[in-house]
Amino acid sequence: MILKKIDNTQTKPRLVSINPLHYLCTKQRKRKVEQDFLNSLNDQQREAVLYTDGPELVIAGAGSGKTRVLTYKIAHLLQMGYPPYRLLALTFTNKAANEMKERIAALVGTETAQRLWAGTFHSIFSRILRANADRIGYRHDFTIYDASDSLSLIKSIIRELQLDDKTYKPTTVQAIISHAKNALIEPQAYARNRELIEMDTRSKRPLIHEIYRIYRQRCSVSGAMDFDDLLLNTNILFRDHPDVLQHYRDLFAYILVDEYQDTNFAQHLIVSQLGKDHNHICVVGDDAQSIYSFRGANIHNILGLSKEFPGLKIFKLERNYRSTQNIVNAANSLIAKNKEQIPKQVFSEKEQGNKVQVISAYSDFEEGFIVSNRIAEMRITTHCDYNDFAVLYRTNAQSRVLEEALRKRNIPYRIYGGMSFYQRKEIKDAIAYFRLTINPDDEEALKRVINYPARGIGNTTLSKLIERAHSQESSIWNVISDPIGYNLAVNNGTLNKLKTFKDLIDELRYEADKKNTPELAETIIKRSGIWGEISSDRTPENISRQENIEELLNGVREFCALREEAGEEQTSLSDFLAEISLATDQDNGDETEQDKVTLMTVHASKGLEFKQVFIVGVEEDLFPSAMSKNSEREIEEERRLLYVAITRAEENCTLTYALSRYRNGQTVSSPPSRFIKDLDSRYVDMPVQTKQESPRETISWNRFPFDAERPRKTSRWNEEDTDRTPAPRPFTAPSPGKRLTKIDSKPTGETHSTTQSTVATAAGQVEIGTFICHARFGNGTVTAIEDTGDNCKITVEFENVGRKQLLLKFAKFTIIE
DNA sequence: CTGTTAGAGTTTTTT
DNA sequence: ACTCTAACAG
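This is the structure we're talking about:
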């Protein structure tokens with residue numbers, strides 16, 4: 001009965017479009033295509049592709065054509081007669097999934113590629129969970145809580161239990177729960193697990209298991225799953241319902257997994273359960289690129305594979321096709337410092353290429369400046385497009401300075417990560433209403449908008465609602481729907497306000513049955529009052545919010561239209577929510593066409609490649625992160641992370657570090673990363689050593705009478721801008737960008753006296769008589785300053801090399817006094 | 001209950 | 001520097 005239902009929801013739309021005749025007709029053509037693509041593989045790759053007799057592990061070094069092997073293997077399997085809807089291809093990121101789909105589509109056509117089960121673990125198994133939700137006590141249109149929903153739920157539980165949120169740091173608790181889930185430990189098991197309980201007791205957090213229990217129960221009442229639940233509940237589904245497991249075992253005749261080194265236990269178990277009978281699994285991974293252990297990923301999943309799949313055949317891909325020899329060798333020399341790894345010899349037969357460059361900068365500002373200059377320069381000298389450049393950093397927070405520097409140079413860039421569209425307040429509000437329309441039990445959504453726009457339901461009332469709901473193990477929505485029955489102690493005025501809110505949601509739910517999805521979305525925005533709220537005045541913020549809401553509605557329309565094209569009968573709002581809740585980085589198709597430099601974290605760059613790569617902020621406490629200093633294991637992960645970063649580069653790789661940088665509103669200085677010393681000097685150009693040590697540098701800056709650090713630097717940037725009027729107050733020019741930063745609005749007055757004889761530089765103020773130490777020329781005294789603008793030149797009398805003219809924007813020096 | 005403000009803390013990476 | 005929270009006045 002139920003299996004039949006699974007069949008319908010899961011495969012019917014696919015089956016319909018499969019025409020055996022069509023399949024046969026194209027077979028001939030396909031064979032020719034197969035010849036072509038087999039020829040384009042090397043021996044190792046071809047063997048890995050053609051081996052289909054049993055379980056297979058492909059250890060694929062960076063740039064060795066891993067994705068290529070996977071896509072060709074899928075093409076080959078299709079060639080062998082596997083129907084596309086019986087192939088399961090799993091990846092970790094949406095980006096990887098999309099790329100794989102695209103590449104398969106290029107080989108076998110969009111039609112076929114669309115029918116594959118290809119996607120991230122989370123998206124694929126959320127689909128399977130939706131189809132079988134009733135089996136585990138969930139509604140089929142369950143809500144997916146994102147990280148912030150889950151965090152806010154944890155916060156409120158901690159509050160309700162009256163625990164101190166300093167000992168029970170919500171994010172820590174969240175991480176612990178997440179790890180438990182990824183290890184498939186449910187609350188009861190957690191409470192029984194002596195080791196865990198002991199650990200919590202030792203860290204003075206004995207009630208974690210209680211928070212976990214309540215958390216899980218509340219998700220259940222709210223009809224919500226968090227990201228980890230998607231995997232945990234899939235495992236529960238398979239464990240408790242062998243018929244369902246069997247169904248999917250039969251359905252997926254071949255399972256392929258990319259980036260296996262990043263699987264956590266929950267994922268690993270799903271794969272091995274599904275693969276058990278037929279043993280037709282092919283997993284690809286590189287232990288050297290395992291960078292997600294903070295999320296529960298475990299390299300040992302790779303190693304344990306041969307136990308679970310006896311006869312596991314191992315292939316190694318060691319030839320790197322991406323990068324020059326210098327880059328590969330430099331990366332190898334780095335990763336060789338790690339103890340834990342599977343031995344392999346990655347090599348390149350491309351040209352030797354340039355050495356990896358290491359550049360030292362005085363500050364994060366200068367670092368940005370150097371990188372943007374290099375990009376401008378190299379674009380000319382190497383004939384590259386902006387698209388060929390990437391700037392990679394360890395943390396998202398680093399992007400700002402870089403953005404600013406690129407903007408100053410008019411270099412177009414595209415930035416991945418950071419605040420995504422769906423995290424903006426107005427979008428989250430709108431989506432909360434969408435979510436409530438689909439699932440009014442969704443507690444996080446309800447809490448978000450029950451008083452937005454303001455309707456007089458404040459914290460007191462909300463607390464009462466929450467208390468009533470939880471004492472009955474029920475949802476807030478149920479209490480609102482029946483305040484009398486739940487003994488809600490509020491006055492009549494409040495009761496009326498609650499009634500108004502309930503009526504609103506009921507009305508939206510009623511509309512949901514009548515209207516098509518785009519219309520419904522629009523109605524929700526209007527009726528909820530969101531639109532009224534952001535149309536109340538015409539401030540730039542509100543206009544931008546309106547634009548964002550319009551964009552969201554466009555997104556709904558577009559999504560529905562796309563689905564219609566793909567032959568889906570109708571698209572519900574719930575479908576839209578399901579889609580966006582797992583979408584993080586929206587690589588908007590319209591933007592990818594434009595020629596722009598890419599900015600992203602190293603994590604986000606995995607699987608990508610660029611001709612020219614800059615890795616910035618290669619400093620102690622940043623890369624490796626200060627958080628990872630506790631254990632060698634974590635340091636090794638950071639090292640792998642840098643390995644990943646370096647191996648993104650095809651032609652040139654440049655590492656930069658800044659001796660001081662702004663962090664949390666303060667200048668901090670840190671030495672270059674220990675990893676720089678790990679690199680074999682044969683493949684690396686190290687920076688010219690400056691005699692001046694950075695700490696002293698920083699100290700002298702801080703001695704400036706005004707804490708004008710930042711304004712000074714800003715002014716330096718302003719001076720990069722060409723054609724500034726010969727203003728007597730060079731430090732007060734407003735920056736052109738529309739950024740609302742205080743830098744612009746708080747011009748520093750203290751520099752009135754500045755004349756052309758004083759200029760601000762990365763290293764500080766320079767005037768005639770300033771004693772400096774230049775990176776190449778050594779010590780010298782400034783004897784003249786010309787032109788304060790873009791082309792500012794200083795003349796320096798050096799002790800050893802005589803008089804030199806330096807172009808300020810390129811010169812590298814420190815100020816001694 | 002609402003809106004403002006002063007104060008504290010600040011986690012690395014992602015589905 | 002920035003954001004979130006707690007406290008307070010209206």
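With the UniProt record's numbering as the guide, the letters of the first sequence map in order to residues 1 to 817. Every residue, glycine too, gets a C-beta built ideally from N, C-alpha and C.
**Item:** Three-state class that DSSP yields for I431 in the structure shown
**Value:** Helix.
**Item:** Check whether L552 and I380 have beta carbons under 8 Å apart
**Value:** Going by C-beta atoms, L552 is not nearer than 8 Å to I380.
**Request:** Just the C-alpha distance for K344 and Q398, rounded to the nearest angstrom, thanks.
**Result:** Their backbone Cα atoms lie some 34 Å apart in a straight line.
**Prompt:** If we count Cβ pairs, one from each stretch, closer than 8 Å, do we get three or more for the region 353 to 361 versus the region 654 to 674?
**Reply:** With the cut-off at 8 Å, the region 353 to 361 and the region 654 to 674 touch.
**Prompt:** Are there 16 or more other CB atoms within 10 angstroms of the CB of V371, so buried, or fewer, so exposed?
**Reply:** Buried is the call here.
**Message:** Using a Cβ-Cβ cutoff of less than 7 Å, which residues in the same chain neighbour R213 once the five nearest sequence positions on both sides are dropped?
**Reply:** These residues qualify, in order along the chain: P187.
**Message:** Do N439 and T52 have their beta-carbon atoms positioned less than 8 Å apart in this structure?
**Reply:** Cβ distance not < 8 Å, so T52 and N439 don't count as in contact.
**Request:** Just the C-alpha distance for S535 and R557, rounded to the nearest angstrom, thanks.
**Result:** Approximately 22 Å between the Cα atoms of the pair.
**Item:** Nearest-angstrom Cα separation, counted from A390 out to Y215
**Value:** Roughly 41 Å separates the two Cα atoms.
**Prompt:** Looking only at C-alpha atoms, which of I157, D229 and L163 sits nearest to R130?
**Reply:** Ranking I157, D229 and L163 by Cα distance to R130 puts D229 first.
**Request:** List the whole-angstrom C-beta distance separating F125 from I270, where the pair is believed to meet the contact cut-off of C-beta under 8 Å.
**Result:** Contact flag correct, Cβ pair sits at about 7 Å.
**Message:** When you compare the region 411 to 420 with the region 197 to 205, are there three or more beta-carbon pairs, one atom per stretch, that lie closer than 8 Å?
**Reply:** By the criterion of at least three beta-carbon pairs nearer than 8 Å, the region 411 to 420 is not in contact with the region 197 to 205.
**Prompt:** For the putative contact between E609 and R640, defined by C-beta atoms under 8 Å, what is the C-beta separation to the nearest angstrom?
**Reply:** Incorrect: roughly 17 Å between the Cβ atoms, too far for contact.
**Message:** Let me check understanding here. Comparing Cα to Cα, which of L57, A89 and E444 lies closest to S220?
**Reply:** Cα-wise, what sits closest to S220 is E444.
**CB contact flag (L498, R527, <8 Å)** = Contact flag unset, no.
**Message:** Could you check whether N338 and E579 sit closer than 8 Å to each other, using their CB atoms as the reference points?
**Reply:** Going by C-beta atoms, E579 is not nearer than 8 Å to N338.
**Request:** Using only alpha-carbon positions, find the residue among K95, A62 and G109 that is nearest to Y72.
**Result:** The shortest Cα separation from Y72 among K95, A62 and G109 belongs to G109.
**Request:** Using beta-carbon positions only, say whether residue 839 and S64 come within less than 8 Å of one another.
**Result:** Outside the shown range of the chain (1 to 817) lies residue 839, about which nothing can therefore be said.
**Asked** Can we say the region 283 to 298 touches the region 253 to 268, given the rule of at least three CB pairs closer than 8 Å?
**Response** The region 253 to 268 and the region 283 to 298 touch, with three or more beta-carbon pairs separated by less than 8 Å.
**Asked** Which residue from Q246, R159 and P242 puts its Cα closest to that of E210?
**Response** E210 has its Cα closest to that of R159, out of Q246, R159 and P242.
**Prompt:** Any idea if V244 is buried or exposed, counting beta-carbon neighbours within 10 angstroms, 16 or more meaning buried?
**Reply:** Label assigned to V244: buried.
**Prompt:** Is it true that the CB of D146 sits closer than 8 Å to the CB of S581?
**Reply:** In contact: S581 and D146 (Cβ atoms closer than 8 Å).
**Asked** Along the chain, where does the alpha helix (DSSP H) that runs through S528 open and close?
**Response** Where S528 is concerned, the enclosing alpha helix (DSSP H) stretches over T517 to S528.
**Endpoints, alpha helix (DSSP H) assigned at F675** = Per DSSP, the continuous alpha helix (DSSP H) segment holding F675 begins and ends at R674 to D678.
**Asked** Tell me which same chain residues have a C-beta within less than 7 Å of the C-beta of K27, skipping the five on either side of it?
**Response** In this predicted model, K27 has a pLDDT of only 45, less than 50, meaning its place in the structure is not dependable; the value taken from the coordinates is given anyway. Cβ within range, chain order: n/a, list empty.
**Prompt:** Are the beta-carbon atoms of A561 and N94 separated by less than 8 Å?
**Reply:** Contact: no.
**Prompt:** Rounded to a whole number of angstroms, what is the C-alpha to C-alpha distance between Q472 and N487?
**Reply:** So the two alpha carbons sit approximately 11 Å from each other.
**Prompt:** With 16 as the cutoff for other CB atoms within 10 Å, does L303 come out buried or exposed?
**Reply:** It counts as exposed.
**Request:** Could you spell out where the beta strand (DSSP E) holding V602 opens and where it closes?
**Result:** Careful: V602 lies outside any beta strand (DSSP E), inside the alpha helix (DSSP H) at V602 to S605.
**Message:** My output table needs one value for F309: the three-state DSSP class, helix, strand or coil.
**Reply:** In the structure shown, the three-state DSSP call for F309 is coil.
**Asked** What do you get for I699, buried or exposed, if any count of 16 or more other CB atoms within 10 angstroms of its CB means buried?
**Response** Here I699 scores only 29 on pLDDT, less than 50, and its place in the model is too uncertain to base an answer on.
**Asked** Quick one: any contact between the region 608 to 626 and the region 149 to 167, if contact means 3 or more CB pairs under 8 Å?
**Response** Too few Cβ pairs lie closer than 8 Å, so no.
**Request:** Starting from F315, follow its DSSP beta bridges and name the residues at the other end.
**Result:** Partner(s): V58.
**Message:** Need the endpoints of the beta strand (DSSP E) that R414 sits in, please.
**Reply:** For R414, the enclosing beta strand (DSSP E) starts and ends at Y413 to I415.
**Message:** Cutting at 7 Å between CB atoms, please list the residues of its own chain near A97, excluding the five before and the five after it.
**Reply:** Around A97: T91, A118, G119 and T120.
**Asked** How many Å lie between residue 821 and G61 at the Cα?
**Response** Outside the displayed span of the chain (1 to 817) sits residue 821, for which this structure offers no information.
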